[in-house]
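Engineer: Encoded as structure tokens, here's the structure I'll be asking about.
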Amino acid sequence: MKVFALMGSPREGGNTDILIEEALTPARRAGWEVVKLAIDQLYINPCRGCLECRGRGNCSLEEDDILVVVRELAEADAYIIGAPVYGNHLPGQVKILFDRLSGLIHQVSYDGEGLRSKSRLPAKKRNVFLFAVAAAHRLESCDGVLKYLRFFVRPELNGGEIFELPVYGVGAKGQLKFNALELKKMLEGKGILNLSEKIKEFQELHQNYLRKAYDFGEKILTCR
43 MKVFALMGSP
53 REGGNTDILI
63 EEALTPARRA
73 GWEVVKLAID
83 QLYINPCRGC
93 LECRGRGNCS
103 LEEDDILVVV
113 RELAEADAYI
123 IGAPVYGNHL
133 PGQVKILFDR
143 LSGLIHQVSY
153 DGEGLRSKSR
163 LPAKKRNVFL
173 FAVAAAHRLE
183 SCDGVLKYLR
193 FFVRPELNGG
203 EIFELPVYGV
213 GAKGQLKFNA
223 LELKKMLEGK
233 GILNLSEKIK
243 EFQELHQNYL
253 RKAYDFGEKI
263 LTCR
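Residue numbers for the sequence shown follow our numbering, beginning at 43 and rising by one.
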């Protein structure tokens, strides 16, 4: 069995990366094959709108890493996809990737009721864990990213489940792993008072996010 993780942040060791690793822990412990790709490891040309992919699923720009991603999506039995929130949406690098993937892994057609999207990938049940990481302290900051990702992966489920985690109020690089001293320094820089209370609040928040990432990483393996 294989799990594919796409790390959609350009910051190695940042909060998205930390959560990806936490979510992959159950798969590694269970002996699953694990493949993790970071967006900055990939060279992906932007879509030029030729629509060649709409027919047979071929792309005129395949001289890059796009087929590497297609292969991993096709082979995997579960996905983990996480990305930071940039301007209430995905980072540009990730959106470029999904623009290219759209016609390669989905057969898009139109009928009297609107657009229909069918997977071109091998039909197998896939569970998916999706998460978005926002610096803003608002739950709705993650809505745009999660809605887009949910819509994109739905054709690949084949009866599988989607698990979602909105992560908000986490902006400093690696903040989810900050110790008390690092949190104190971060909060002082923001002019926040009641430091002891706030440090405890953030520690509990971070542990909750990490625990949920682990739990969802476990669920995508067991809900089969």
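Glycine residues also receive a C-beta, built at the ideal position from the N, C-alpha and C atoms.
Given the structure is predicted, the values throughout are model-derived calculations rather than measurements.
Taking the continuous alpha helix (DSSP H) assigned at Asp257, which residues delimit it?
Structural biologist: Leu237 to Thr264
Engineer: What would DSSP say about Asn169, mapped onto helix, strand or coil?
Structural biologist: strand
Engineer: Along the chain, where does the beta strand (DSSP E) containing Pro42 start, and where does it finish?
Structural biologist: Residue 42 lies beyond the stretch modelled for the chain, which goes from 43 to 266, so this question has no answer here.
Engineer: Taking just the CA atoms, how far does Val187 sit from Ala120?
Structural biologist: 19 Å
Engineer: Taking all protein chains shown into account, do 16 or more other C-beta atoms lie within 10 angstroms of the C-beta of Asp59, making it buried, or fewer, making it exposed?
Structural biologist: buried
Engineer: Take the Cβ of Ala255 as the centre, count every other Cβ of all protein chains shown within 10 Å, and call the residue buried at 16 or more, exposed below.
Structural biologist: With 16 or more Cβ atoms within 10 Å of its Cβ, Ala255 is classed as buried.
Engineer: Tell me the DSSP secondary structure of Pro88 in three-state form.
Structural biologist: coil
Engineer: With DSSP collapsed to three states, give me the class of Met228.
Structural biologist: helix
Engineer: Around the C-beta of Arg168, are 16 or more other C-beta atoms found within 10 angstroms, so that it is buried, or is it exposed?
Structural biologist: buried
Engineer: Going by DSSP in three states, Gln146 sits in which element: helix, strand or coil?
Structural biologist: Correcting the residue identity first, residue 146 is Leu in this sequence and not Gln. Three-state DSSP puts Leu146 in a helix.
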